[in-house]
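J.:
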Amino acid sequence: MDIGTRRLRLRPVLPEDSPLLHRLDTDPAVMQFVTGGAATSAATITDWVIPRSQAQFRDHGTGLWVAFDRRTARFAGWVWLRVPRHSAVPELELSYRLQRESWHRGLATEAATALITVAFTTTDTERIFASTHPDNVRSQRVMQKLGMRLATEHLRPEHFDDAFIGHDVEYEVIRADWRRNRLPAAAARPGRHRPRGPGTAEMTA
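Going by the UniProt record's numbering, 205 is the number at position 205 of the sequence shown; the sequence numbering is gapless.
1. Please state whether DSSP places residue 130 in a helix, a strand or coil.
2. Less than 8 Å between the beta carbons of residue 93 and residue 55, yes or no?
3. Contact check, residue 81 vs residue 115 under 8 Å by CB: the rounded distance?
4. Please classify residue 20: is it buried, with 16 or more other beta-carbons within 10 angstroms of its beta-carbon, or exposed?
5. In whole angstroms, what is the alpha-carbon distance linking residue 103 and residue 36?
6. With H, G and I counted as helix, E and B as strand and the rest as coil, what does DSSP make of residue 189?
7. What did DSSP end up calling residue 53 once you bin it into helix, strand or coil?
8. Taking residue 7 as the reference, which of 150, 125, 40, 109 has the closest Cα?
9. With a 10 Å radius around its C-beta and 16 neighbouring C-beta atoms as the bar for buried, classify residue 137 as buried or exposed.
10. Out of 148, 105, 111, 49, point me to the one whose CA is closest to residue 127's CA.
11. Going by DSSP, what residue range makes up the beta strand (DSSP E) through residue 95?
12. Out of 142, 3, 16, state which residue places its alpha-carbon closest to the alpha-carbon of residue 51.
13. Does the beta carbon of residue 13 fall short of 7 Å from some heavy atom of the ligand GTP?
14. Applying the 10 Å Cβ sphere with the 16-neighbour rule, what's the burial state of residue 13?
15. Go through its chain and collect everything with a Cβ distance to residue 164's Cβ below 6 Å, but skip five positions before and after it.
16. Is it buried or exposed for residue 24, if we count other Cβ within 10 angstroms and need 16 for buried?
17. With the cut-off set at 8 Å, would you say residue 105 and residue 30 are in Cβ contact?
18. Once the 5 residues before and after residue 53 are set aside, which same chain residues still bring their CB inside 6 Å of it?
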């Protein structure tokens with residue numbers, strides 16, 4: 001299944017997308033608030049990231065969606081809706097990562113809005129949450145535009161290169177709140193139709 005928005009085409013990740021994901025993860029600016037700038041190895045993407053996503057698509061119907069510019073067909077980045085491990089309630093974790101040339105265009109908001117809308121209208125998900133480093137103001141702005149609110153802040157014990165030590169802020173949107181307020185640009189419905197706004201999704205098998 002593919003999902004189309006006004007400017008993007010999203011589809012489930014495939015093994016042949018590994019070079020695209022690896023190139024994205026070798027940009028220190030992209031990885032600044034993820035690993036402190038360190039790159040993800042090609043083996044990690046090939047042997048863990050993509051297989052995990054494909055397993056989640058098989059089991060839950062969602063995973064890592066790669067995003068392409070509809071006009072140029074260029075790879076823009078990805079958005080991931082994943083089922084958290086050991087979760088006690090029906091919930092999904094949202095994350096997103098775009099190439100630097102795709103920043104400052106509202107594409108993360110556009111792609112995530114479409115996926116959140118599809119998740120809340122086609123699954124039993126009750127909560128969608130996302131986390132980021134507290135200094136990552138741009139990512140927090142995306143979450144706020146998605147209708148998410150700050151839920152909690154927690155310490156993160158991991159460190160990268162013995163220098164990058166931080167903690168996360170977690171934002172969330174609850175089904176009841178989303179239904180009541182609707183996401184600002186959300187008008188996604190299952191079926192085939194022409195997208196009319198930045199967060200509108202058209203779904204094709």
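Ideal Cβ positions, reconstructed from N, Cα and C, are used throughout, including at glycine.
Please read these numbers as outputs of a predicted model, since none were measured by experiment.
T.: To lay it out plainly:
1. Note: residue 130 maps to strand in three-state DSSP.
2. No; because the gap between Cβ atoms is not below 8 Å, this pair is not in contact.
3. About 5 Å; that satisfies the 8 Å criterion.
4. Its Cβ being crowded by 16 or more others within 10 Å, residue 20 is buried.
5. Between residue 103 and residue 36, the C-alpha separation is close to 19 Å.
6. Because the pLDDT at residue 189 is just 41, under 50, the model does not fix this residue reliably, and the point stays unresolved.
7. Three-state DSSP puts residue 53 in a helix.
8. When C-alpha distances from residue 7 are compared across 150, 125, 40, 109, the shortest belongs to 109.
9. Flag for residue 137 reads exposed.
10. It is 148 whose Cα lies nearest to the Cα of residue 127.
11. Counting along the chain, the beta strand (DSSP E) containing residue 95 begins and ends at 91 to 98.
12. Ranking 142, 3, 16 by Cα distance to residue 51 puts 16 first.
13. Of ligands this structure carries none, so the ligand GTP is not represented either.
14. Flag for residue 13 reads buried.
15. Low per-residue confidence applies at residue 164: pLDDT is 49, beneath 50, and the placement is therefore not dependable, though the value from the model is reported in the following sentence. Hits under 6 Å: 36.
16. Within 10 angstroms of the beta-carbon of residue 24 lie 16 or more other beta-carbons, which makes it buried.
17. Inclusion of residue 105 and residue 30 in the CB contact set at 8 Å is not warranted, their separation being larger than that value.
18. Result list for residue 53: 13, 63, 64, in chain order.
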